[in-house]
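Trainee:
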Amino acid sequence: MFFVVGVLTACNTVSVEDVASVTITPKVANVSTPTPVLSARIDLAEDLYAREVQAGVFVITHAFPWPGNSMLVEMADGTLVLVDTPYTPEATQTVLEWAEKQLGKRDIVAINTGYHYDNLGGNVYLLEQGIPIYGSDLTGQLLAERGDALRAMTLDWLKAPKDKAYYDAHQTLPYVAPDHPFPLDEGLQLTFGDETVEVYYPGLSHTPDNVVVYFPGRKLLFGGCMLIGGDSVGNTADADMKAWPESVRNLARFDVDVVIPGHGERLDPQLIEHTVELISRQ
Ligand SMILES: [Zn+2]
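Residue numbering for the sequence shown follows the numbering used here, starting at 163 and increasing by one per position.
#1: If you measure from each CB to the nearest heavy atom of ligand 1 and keep those under 6 Å, what residues do you get, in chain order?
#2: Excluding five sequence neighbours on each side, which residues of the same chain lie with their C-beta closer than 6 Å to the C-beta of tyrosine 337?
#3: So, are the CB atoms of alanine 207 and threonine 247 less than 8 Å apart?
#4: So for glutamate 360, helix, strand or coil by DSSP?
#5: Might you give, ordered along the chain, the residues of its own chain that have their beta carbon closer than 6 Å to the beta carbon of phenylalanine 416, omitting 5 neighbours on each side?
#6: Please go through the same chain and pick out, in chain order, the residues whose beta-carbon is closer than 7 Å to the beta-carbon of alanine 322, but skip the five residues on each side of it.
#7: Cβ of glutamate 427 within 8 Å of Cβ of glycine 379?
#8: For tyrosine 211, name the three-state secondary structure that DSSP assigns.
#9: Distance, Cα to Cα, leucine 200 vs valine 410?
#10: If we call anything under 8 Å between Cβ atoms a contact, is glycine 349 one with valine 373?
#11: If the criterion is Cβ atoms closer than 8 Å, does the pair leucine 440 and valine 421 meet it?
#12: For a test of the three-state rule: what should DSSP assign to methionine 237, helix, strand or coil?
#13: Which whole-angstrom value is the C-beta distance of leucine 346 and histidine 332, which I expect to be below 8 Å?
#14: Shortest alpha-carbon distance to tyrosine 328 belongs to which of Lys267, Thr250, Asn274, Glu360?
#15: Could you tell me how far apart the beta carbons of asparagine 274 and isoleucine 293 are, in whole angstroms, since I believe they sit closer than 8 Å?
#16: Taking the CB atoms as reference points, tell me whether alanine 238 and glutamate 357 lie closer together than 8 Å.
#17: Three-state secondary structure (DSSP) at serine 232?
#18: Mind reading off the beta-carbon distance from glycine 365 to asparagine 397? Whole number of angstroms is fine, and I expect it under 8 Å.
#19: Just the Cα atoms here: how many angstroms apart are threonine 437 and glycine 266?
#20: Excluding the 5 residues flanking leucine 335 on each side, which residues of the same chain have their C-beta closer than 7 Å to its C-beta?
#21: Looking only at its own chain, which residues have a Cβ that is under 7 Å from the Cβ of methionine 163, when we skip the five neighbours before and after it?
#22: If you run the structure through DSSP and keep just helix, strand and coil, what is glutamine 444?
#23: Any idea what DSSP makes of serine 130, helix, strand or coil?
#24: Reducing DSSP to helix, strand and coil, say where leucine 305 ends up.
#25: Helix, strand or coil for leucine 288 per DSSP?
#26: My output table needs one value for lysine 189: the three-state DSSP class, helix, strand or coil.
#27: Can you tell me whether DSSP reads glutamine 351 as helix, strand or coil?
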């Protein structure tokens, strides 16, 4: 029943930290794609860790307090592309210092996939380091228009005494817009040696401005918060629930082996269909 046969090919097993394996029924017989397998956790701080999912592709997970994913990719020319940031400037600094220790000093380019702080909470550190940050023009606009409301809502979720440290941090977390805006509807293409990165706007979803980032040479798609890797839809305050499934269907244009959601453990291509079904049920 699904929309594009070529993209949603079979994916038999997903190995995930602390979960031995998850078997997924193949949608298409006799077609196999490489199975996304994550390395063991590389602990960077108490609530921050990296896992390698392809050579030079690290999923970074930060729980602050809700676990969220960003991604660091070593491109063909040696540049590091950081897609989204951990929640805070401090965690972002930790990730980049770890990367420099592992890989040596590199040029870094950052991309924000939306205006929520789990996409760009580390921006102030990136700008201090002179790292260019690409994001849509709408991301900057929404940050200015809705940032205060987002912060107030977040603080409301963190009122319990056990969350005091998070409350305090979110109260002062700097919301800083990307300094290299691009027109949302046009998206963006960046080139690193012989490797390209495509930033694409699939339509309204979890927020009005969520974009996805595609690495064609790796069949790797960072779907961010418009893709849901678990069974909980999460924060829908900015969501267009009606348009969201159709926007996710637009991702069928990408040939993918690995799909990274903003939150959650699943990294298999069927995550796209999972999100359509989950949102359509709401
Ligand atoms: Zn999110």
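Here a beta-carbon is modelled for each residue, glycine too, at the ideal position from N, C-alpha and C.
Mentor: Put simply:
#1: Gly230, His278, Asp280, Cys387, Gly424, His425
#2: Closer than 6 Å at the Cβ level, and outside the excluded window around tyrosine 337, lie Leu305, Gly309.
#3: No. Outside cutoff.
#4: strand
#5: Excluding five sequence positions before and after phenylalanine 416, the CB atoms of its chain that fall closer than 6 Å to its own CB belong to Tyr376, Leu383, given in chain order.
#6: none
#7: no
#8: In the structure shown, tyrosine 211 sits in a strand (DSSP, three-state: E or B).
#9: In this model, leucine 200 and valine 410 are separated by some 24 Å (Cα to Cα).
#10: Cβ atoms of glycine 349 and valine 373: closer than 8 Å.
#11: no
#12: coil
#13: At roughly 26 Å, the Cβ-Cβ gap does not stay under 8 Å, so leucine 346 and histidine 332 are not in contact.
#14: Thr250
#15: With 8 Å as the limit, asparagine 274 and isoleucine 293 do not qualify as a contact, their Cβ atoms being about 12 Å apart.
#16: yes
#17: Strand.
#18: Not a contact, Cβ separation roughly 19 Å.
#19: CA-CA distance, threonine 437 to glycine 266, rounds to 38 Å.
#20: Thr250, Tyr279, Gly283
#21: Confidence in methionine 163 is poor, its pLDDT being 33 and thus under 50, which makes the residue's placement unreliable; the coordinate value appears in the next sentence. Around methionine 163: no qualifying Cβ.
#22: coil
#23: Absent from the model: residue 130. The displayed extent of the chain is 163 to 444, so no value can be given.
#24: DSSP, read as helix, strand or coil, puts leucine 305 in helix.
#25: helix
#26: Note on lysine 189: pLDDT 40, under 50, position unreliable in the model; the coordinate value appears next. Note: lysine 189 maps to coil in three-state DSSP.
#27: strand
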